[in-house]
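All remarks here apply to the structure that follows.
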């Protein structure tokens with residue numbers, strides 16, 4: 023456990039996506055996407071735990087039962103108020119720091135998550151990220167976001183628009199002047215590929231990932247090589 027308390031990765035996952043229905047249980051190379059993510063995320067060494075936050079809908083009972091069969095910690099919360107779902111999940115896990123992960127990142131890299139946690143702890147940030155190439159050179163889909171539980175509770179109390187409640191960290195971006203926002207570049211030259219999209223939020227993304235020879239145990243270097251080749 024860190025000086026901040028428990029570092030818990032909270033994964034938001036659901037089956038009701040309008041762009042790609044049943045996304046979390048679609049099979050990528052014969053393995054459900056949620057299994058790709060949880061297996062790869064479990065390799066992060068800076069985490070004290072992983073919790074999957076699922077909507078409390080009839081449809082998502084299927085996902086919840088799948089997670090139970092895999093013995094993956096999970097909970098349910100509001101479908102559209104994702105911010106509240108995160109708040110409840112952080113409370114249940116007794117998190118001090120929350121690493122936010124979206125289930126549409128099946129190729130998440132444990133080392134990228136570890137570097138994010140270290141970056142946050144070594145600085146004075148309110149919020150840090152490396153999951154998207156925004157003011158950094160990371161590929162899209164290998165990293166995550168991190169905030170304190172204290173800030174999560176603050177946002178849950180302050181957020182006053184549907185977009186801020188549906189998209190967990192929108193409140194921060196809508197009030198950037200109030201927060202210390204940090205990001206950083208990958209150390210390795212081969213990893214500096216902001217042109218690569220490795221997440222999966224549309225049918226085209228699913229098709230593209232499915233056509234590449236990838237495995238859940240692949241290192242980031244091999245993944246980048248595969249997708250850089252076309």
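In the numbering used here, the protein residues as written are 23 to 252. Backbone N, C-alpha and C fix where the C-beta goes; we use that ideal spot for every residue, glycine too.
- For the alpha helix (DSSP H) assignment, the uninterrupted runs of no fewer than 4 residues enclosed by the stretch 42-117 are, from N- to C-terminal side, 55-63, 83-91, 104-115.
- Ranked by how close their Cα comes to the Cα of residue 50, the residues 98, 112, 165, 225 have 225 in first place.
- About 5 Å separates the CB atoms of residue 159 and residue 207; that is less than 8 Å, so the two are in contact.
- Using a 10 angstroms sphere on the CB of residue 131, the tally of other CB atoms reaches 16 or more, which defines it as buried.
- By the Cβ criterion, the stretch 70-79 is in contact with the stretch 91-103, since at least three pairs of Cβ atoms, one from each stretch, lie closer than 8 Å.
- For the pair residue 227 and residue 219, the Cα-to-Cα distance works out to about 9 Å.
- By the Cβ rule, the stretch 40-50 does not count as touching the stretch 106-119, because fewer than three pairs are nearer than 8 Å.
- Under the three-state reduction of DSSP, residue 26 is assigned to coil, being neither helix nor strand.
- Assignment of residue 232 by DSSP, reduced to helix, strand and coil, places it in the helix class.
- For residue 174, the three-state secondary structure derived from DSSP is helix.
- Apart from the 5 residues on each side of it in sequence, residue 202 sits with its Cβ closer than 7 Å to the Cβ of 146, 147, 148 in its chain, given in chain order.
- When 25, 47, 46, 121 are compared, the shortest CA-CA separation from residue 64 is found for 121.
- Cβ-Cβ distances below 8 Å link residue 186 to 105, 177, 192, 193, 196 in the same chain, with the five nearest sequence neighbours on each side left out; the list follows chain order.
- Beta-carbon to beta-carbon, residue 164 and residue 250 are separated by about 13 Å, too far to satisfy the 8 Å threshold.
- The beta carbon of residue 215 lies closer than 7 Å to those of 161, 246, 250 in the same chain, with the five residues before and after it left out.
- Checking the DSSP bridge columns, you'll see residue 124 partnered with 34.
- Under the 10 Å beta carbon count, residue 45 is surrounded by 16 or more other beta carbons and is classified as buried.
- Cα atoms of residue 182 and residue 237: separation of roughly 41 Å, rounded to the nearest angstrom.
- About 5 Å separates the beta carbons of residue 118 and residue 28, which is inside the 8 Å limit, making them a contact pair.
- For residue 150, the enclosing beta strand (DSSP E) starts and ends at 149-151.
- The continuous alpha helix (DSSP H) containing residue 194 extends over residues 192-196.
- Residue 79 and residue 211 have their C-alpha atoms roughly 44 Å apart.
- The continuous alpha helix (DSSP H) containing residue 133 extends over residues 132-144.
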